[in-house]
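Under the working numbering, read the sequence shown as residues 17 to 131, first letter to last. A virtual CB, placed ideally from N, CA and C, is assigned to each residue, including glycine. What follows is a single structure, written as C-alpha cells, with notes after it.
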Amino acid sequence: QVQLVESGGGLVQPGGSLRLSCAASGIIFSLASMRWYRQAPGKERELVAFIHSGGNTNYADSVKGRFTISRDNGKNTVYLQMNALKPEDTAVYYCNGVRMGSVYWGQGTQVTVSS
Numbered sequence: 017q018v019q020l021v022e023s024g025g026g027l028v029q030p031g032g033s034l035r036l037s038c039a040a041s042g043i044i045f046s047l048a049s050m051r052w053y054r055q056a057p058g059k060e061r062e063l064v065a066f067i068h069s070g071g072n073t074n075y076a077d078s079v080k081g082r083f084t085i086s087r088d089n090g091k092n093t094v095y096l097q098m099n100a101l102k103p104e105d106t107a108v109y110y111c112n113g114v115r116m117g118s119v120y121w122g123q124g125t126q127v128t129v130s131s
C-alpha cells in the first residue's frame, strides 16, 4: 500500500519561509516522479513544482526563484523549500507521486501566509 504523508505546514508571516516534507512508503521512491500541488479556497488545484526520478525540476511561474523542490532517495522523502512567502501562497499543499502510470496523493498540509 502506497502512502504519502506531508508535514511542515503552518502559519507564517509574509516574507517568511517554510519547508514541507513528504515521506513515501510502499513505492520504489527513487523511480517515481514527485510533485507538489496546492489548492487555495475557491480555486482549482495547481501544480507548483515537480522533480523527475533523475533529478530534473520544473516550477510554476508564480513560485520560480522562491521555491525549491528536492528529494532524498535514501529517506524516501521529497521536500519543498518555500522562501519569500506571500499571502497568495496560502493553500493546502499536496504531495503527488507517479510511478508506472499510477498516481498517488497525500492528505495535504495547510500553509497560511498572514500577518
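Can you give the beta carbon distance from A65 to F45, rounded, assuming they're within the 8 Å contact cut?
Wrong, their Cβ atoms sit about 17 Å apart, outside the cutoff.
Specify, as a first and last residue, the run of the beta strand (DSSP E) that E22 falls within.
For E22, the enclosing beta strand (DSSP E) has its first and last residue at Q19 to S23.
D105 to L96, Cα distance in whole Å?
Using only the alpha carbons, I get a separation of about 13 Å.
For G32, which residues in the same chain have their Cβ closer than 7 Å to its Cβ, ignoring the five residues on either side in sequence?
Taken in chain order, the residues that qualify are L101.
Rounding to the nearest angstrom, what Cα-Cα distance links I43 and P57 in this structure?
Rounded to whole angstroms, I43 to P57 spans 31 Å at the Cα level.
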